[in-house]
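Data block below; observations after.
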Amino acid sequence: MDMSWTNVRSTFTKDVSPVDETVLPARTDDGVASPDERPSGVAADIVLVPADCPIPVRCPERFGAFLLTEVDIVSGPDLDCDGDVLHMTGVWLTTLPTADRHHDGDLVVLLHEPTASPARCDPDCHADVEMRLVNGKRWQRVGIWPGVDGSWPHLIAPTAAAIMSLHTDILELEQPPQRIRFASGRPDTEFAGAELRTR
Numbered sequence: 000m001d002m003s004w005t006n007v008r009s010t011f012t013k014d015v016s017p018v019d020e021t022v023l024p025a026r027t028d029d030g031v032a033s034p035d036e037r038p039s040g041v042a043a044d045i046v047l048v049p050a051d052c053p054i055p056v057r058c059p060e061r062f063g064a065f066l067l068t069e070v071d072i073v074s075g076p077d078l079d080c081d082g083d084v085l086h087m088t089g090v091w092l093t094t095l096p097t098a099d100r101h102h103d104g105d106l107v108v109l110l111h112e113p114t115a116s117p118a119r120c121d122p123d124c125h126a127d128v129e130m131r132l133v134n135g136k137r138w139q140r141v142g143i144w145p146g147v148d149g150s151w152p153h154l155i156a157p158t159a160a161a162i163m164s165l166h167t168d169i170l171e172l173e174q175p176p177q178r179i180r181f182a183s184g185r186p187d188t189e190f191a192g193a194e195l196r197t198r
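So in numbering that gives the first Met the number 0, spot 90 of the sequence shown is number 89, and the numbers just go up one at a time.
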């Protein structure tokens with residue numbers, strides 16, 4: 000029997016509903032710019048890997064952060080390939096969204112001017128990359144990568160994928176047991192783990 004390992008893809012996504020842009024006024028608490036508010040030349044959805052444009056080291060004018068919506072990496076026992084980034088997308092935000100239940104799990108990237116001296120890194124080609132997460136109705140810093148060039152999506156992707164995966168696991172654990180009521184009048188049956196029990 001062949002017991003060899005194979006690498007698998009791990010895809011983690013954050014749903015960004017288009018309802019946010021159509022129902023709410025141009026300026027929203029989500030920080031997502033409406034089509035009227037978005038400067039020309041700035042796409043709504045950005046594909047960072049594989050890059051469909053030069054990787055930015057600063058947020059475009061009138062934008063303050065980048066919301067990660069999908070991270071797709073290779074995961075498996077082959078350490079040479081583990082963490083390779085296959086796909087990364089997101090949307091530009093004019094401001095950080097409100098840290099509330101609706102945005103729990105939002106993972107954003109902020110691109111700051113590098114704090115290192117110009118002798119160590121070119122300010123026009125490098126950034127201090129900060130990642131923040133909405134968790135428990137507050138923003139938490141996940142990490143900061145100083146003096147990174149345009150390869151920053153590849154650098155932060157494994158961390159982003161791990162956080163998105165863990166946050167999804169936590170949400171699934173918090174789901175209450177489901178009750179099923181039968182039309183026959185039999186007692187409720189409650190799922191408890193993998194077993195069924197009747198009260």
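All C-beta atoms, glycine included, are put in the ideal place defined by N, C-alpha and C.
For residue i, tell me which candidate among the options has the shortest Cα-Cα distance.
{"i": "His-111", "options": "Arg-57, Val-48, Asp-168, His-166", "result": "Arg-57"}
{"i": "Phe-62", "options": "Asp-71, Glu-69, Trp-91", "result": "Trp-91"}
{"i": "Cys-124", "options": "Gly-146, Gly-89, Thr-88", "result": "Gly-146"}
{"i": "Thr-68", "options": "Val-128, Cys-52, Leu-132, Pro-53", "result": "Leu-132"}
{"i": "Thr-97", "options": "Leu-109, Trp-138, Leu-154", "result": "Trp-138"}
{"i": "Leu-85", "options": "Leu-154, Val-48, Glu-129", "result": "Val-48"}
{"i": "Ala-160", "options": "Trp-151, Glu-129, Asp-71", "result": "Asp-71"}
Grab the span of the beta strand (DSSP E) containing residue i for me, first residue to last.
{"i": "Thr-68", "result": "64-74"}
{"i": "Glu-60", "result": "Note, Glu-60: premise wrong, no beta strand (DSSP E); not H, not E."}
{"i": "His-125", "result": "That residue, His-125, is in no beta strand (DSSP E); it is neither H nor E in DSSP."}
{"i": "Leu-109", "result": "106-111"}
{"i": "Asp-44", "result": "44-48"}
{"i": "Pro-145", "result": "138-147"}
Output the boundary residues of the alpha helix (DSSP H) element that contains residue i.
{"i": "Asp-200", "result": "No statement about residue 200 is possible, as the shown extent of the chain runs from 0 to 198 and does not include it."}
Indicate the three-state DSSP secondary structure (helix, strand or coil) for residue i in the structure shown.
{"i": "His-101", "result": "helix"}
{"i": "Val-90", "result": "strand"}
{"i": "Arg-131", "result": "strand"}
{"i": "Ala-95", "result": "Note that residue 95 is Leu in the sequence shown here, rather than Ala. Correct three-state label for Leu-95: coil."}
Buried or exposed: residue i, going by 16 or more other Cβ atoms within 10 Å of its Cβ?
{"i": "Ile-169", "result": "exposed"}
{"i": "His-102", "result": "buried"}
{"i": "Asp-105", "result": "buried"}
{"i": "Asp-127", "result": "buried"}
{"i": "Leu-172", "result": "exposed"}
Would the C-beta of residue i count as close to the ligand ZN, meaning under 7 Å from any of its heavy atoms?
{"i": "Glu-112", "result": "This structure simply doesn't include the ligand ZN, nor any ligand for that matter."}
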